[in-house]
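**Student:** Take this structure first; my questions come after.
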Amino acid sequence: MTVSALSLLIASTAMPMPQPAALPIPVIYQQQAPAPTPPPGAGVTDPAPQTIPETPPPPPADTADAPPPATGDDIVVTGESRPPPGDPLEKVNEKSFEVVQAVDKAVVGPMADTYKDAVPGPVRKGLRNFLSNLGEPVNALNFLLQLKPGKAAETVGRFAINSTVGVAGIVDVAKRKPFNLPRRTNGFANTMGYYGVGSGPYFYLPLVGPTTLRDAVGDGLDRLVLPLAVGSPFNNPAYVIPAKVIDSLDSRAEYEAEVKQIRAQSDPYGAVRDVYLCRRQAEIDTLRGRETAPCVIGATKPGEDADGAADEAPAGAEAPPADAEADAG
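With mature numbering (1 follows the signal peptide of the UniProt record, and there is no 0) as the guide, the letters of the sequence shown map in order to residues -21 to -1, 1 to 308.
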């Protein structure tokens, strides 16, 4: 705000007044005593100069890694990073993954290599077919629950043909001509996903590998069908444990290339999680009649509502099955 300077002019004008007659008035002048003079030689002491300490300037800040200054249009967000959706226990799962990796490199991997070298390929394939054939009743049951009687009938036919002509399922005769009945995996986790049950949180568990809450519940129900419906030997640990060990070693040996591909990723844990959830979602979409894209290791991201699905995945560029990932990561 500007302040104007004002000039005040005072003009005094007086008319000449007649002076009275001058009278002799005595005037007395009082002279002030002169100020005392300091004695010679006494100087005036100047005040001592004050010394102000100099503060060294602060060292220059390292702005190499500093973020650019925020402007009025920027939104600055601070805080700890959060785990991705679907994996709220990422830190715990990643530690479990690292432990499994260490065990696999020290024990499981060498055992799988020994198993592959010691057991001829046709024998390993026969054992694989035998164990897969035992899962056909569960596959057929879940196709019925999904209201797919045609696929359920084909699965029952596969089981009957392979259990008889295929010598207890050791030879997969049903997939050949004239039958042409391919194996289709299914399970209670698939059925729950088919009817809209969400996958729930993701877990990486020792001896299990990658899974979700829904898949863990569904797989548990799958394993109860034969022990409850048939009984022995499927409820006998003397059968169950060796069968699981052989199945795990065989899966680990068959998917050695995929295991190496996973370990070559910059984030192996994330690669396993993403391709597992992608494969599960793809299997659920297939049951619903939707088109799916292949789930390639290191190039997949799970969907926003990733659902779980089947028990195994085809070989090639796709992810290894859950059993192989459980042993290798």
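We put the beta carbon where it would ideally sit given N, CA and C, even for glycine.
For a quick check, are the C-beta atoms of Asn108 and Val150 less than 8 Å apart?
**Tutor:** Yes; because the gap between Cβ atoms is below 8 Å, this pair is in contact.
**Student:** Measuring only the C-alpha atoms, how far is Leu120 from Arg259?
**Tutor:** When rounded, the distance between both Cα atoms is 19 Å.
**Student:** Here's a check: name, in chain order, each residue in its chain whose Cβ is nearer than 6 Å to the Cβ of Arg193, leaving out the five neighbours to either side.
**Tutor:** Contacts found: Ala168, Met171, Val176, Ser178, Gly179, Gly287.
**Student:** Report the residue ranges of all beta strand (DSSP E) runs contained in full by the region 185 to 239; include only those spanning at least 3 residues, in chain order.
**Tutor:** Within the region 185 to 239, the complete beta strand (DSSP E) runs of at least 3 residues are 188 to 191.
**Student:** First and last residue of the alpha helix (DSSP H) that includes residue 322?
**Tutor:** In the structure as shown, the chain begins at -21 and stops at 308. Residue 322 is therefore absent and cannot be evaluated.
**Student:** DSSP state of Tyr183, grouped into three classes?
**Tutor:** Correct three-state label for Tyr183: strand.
**Student:** Among the residues of its own chain, which have a CB less than 6 Å from the CB of Leu2, if the five just before and after it don't count?
**Tutor:** Its pLDDT being 44, under 50, Leu2 is placed unreliably by the model, and nothing is read from it.
**Student:** Decide yes or no for the touch test of the region 192 to 210 against the region 61 to 74: beta carbon pairs closer than 8 Å, at least 3 of them.
**Tutor:** Taking 8 Å as the limit for Cβ pairs, the verdict is that the region 61 to 74 does not touch the region 192 to 210.
**Student:** Given a cut-off of 8 Å on the beta-carbon distance, is the pair Pro116 and Val204 in contact?
**Tutor:** Yes.
**Student:** Nearest to Ser111 by alpha carbon, out of Pro101, Thr271, Arg163?
**Tutor:** The shortest Cα separation from Ser111 among Pro101, Thr271, Arg163 belongs to Arg163.
**Student:** Using 8 Å as the Cβ pair cut-off and three pairs as the minimum, do the region 87 to 95 and the region 228 to 242 touch?
**Tutor:** As far as the Cβ criterion goes, the region 87 to 95 touches the region 228 to 242, which means the pair count is three or higher.
**Student:** Ser245 to Ile276, Cα distance in whole Å?
**Tutor:** Approximately 12 Å between the Cα atoms of the pair.
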